[in-house]
Amino acid sequence: MALDDFLLEAEDKMSKTEQVVVNEFAGVRTGKASPALVENILVEVYGAQMRIRELAGITTPEARTLTIQPWDANSLHPIEKAIQKSNLGLTPNIQGKAIRIFFPELSEERRQEFVKIVRKMAEDGRVAIRHVRRDAMEQLKKHAHDSGTTEDEEKHAEKELQK
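Just so you know, this note's numbering puts 138 at position 138 of the sequence shown, and the rest follows in order with no gaps.
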C-alpha cells in the first residue's frame, strides 16, 4: 500500500465522520419546523421497524408546523406514538388522515440545552476525526518503517494528513 493510499483512506474516513456529524446537526430542533427532525424516527409497523420518511410524506406548510401524511392510514397511530416516545418534546395531533405538529417558541432555557447538545456533538466529531488521523499516522509510520520509504516522503505524507 502506497503512502497516497493511506492518505486517501484517512480522508475518506474523515469525510464520512463529518457527514455523520452534519446529519446529527440536522436532527437538532431549532425554532423552525424541519422534516429532518422527524424523518428518521423509527416506527413499529407491519411487524418491522421503519423510518417515518418511508411511511409518509413530510411537509412544512408553515414555519412552525409539520404535516405528516402517511401513505397507509393504518400507520397513523403508530407514527403518532413513535413521535411521542422520541423525546423531542413534540406533541403530534391527528387531524383527519394526517398528523400535525406545532412547534412552540423555544424558551431561553431550552435554547441553552440545545447549545450544549450541539457543542457536545461537535466535540464528539472532532474527537472522532482526531482518532482517524491518529490511526492513519500510526499506520503511515509503520508502513514507512517496513517499506523503507524516505524520511522526506514520510514527513510530506504526515503533513498532508494534518491538513
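In this text, a Cβ means the ideal position worked out from N, Cα and C, and glycines have one as well.
Asked	Found
In angstroms, rounded to a whole number, what distance separates the CA positions of Asn-93 and Ile-68?	10 Å
Measuring straight from C-alpha to C-alpha, what distance separates Glu-44 and Ala-10?	37 Å
Under the DSSP definition of a beta bridge, which residues are partnered with Glu-62?	Thr-65
Return the first residue and the last residue of the beta strand (DSSP E) that Leu-42 is part of.	42 to 45
Considering only C-alpha positions, which residue in the set Ala-63, Arg-64, Glu-123 and His-77 is nearest to Ala-56?	His-77
Let's test the definition: count the other Cβ atoms within 10 Å of the Cβ of Glu-136 and tell me whether it reaches 16, buried, or not, exposed.	Note that residue 136 is Ala in the sequence shown, not Glu. Under this definition Ala-136 is a buried residue.
For Asn-93, which beta-bridge partners are listed by DSSP?	Arg-100
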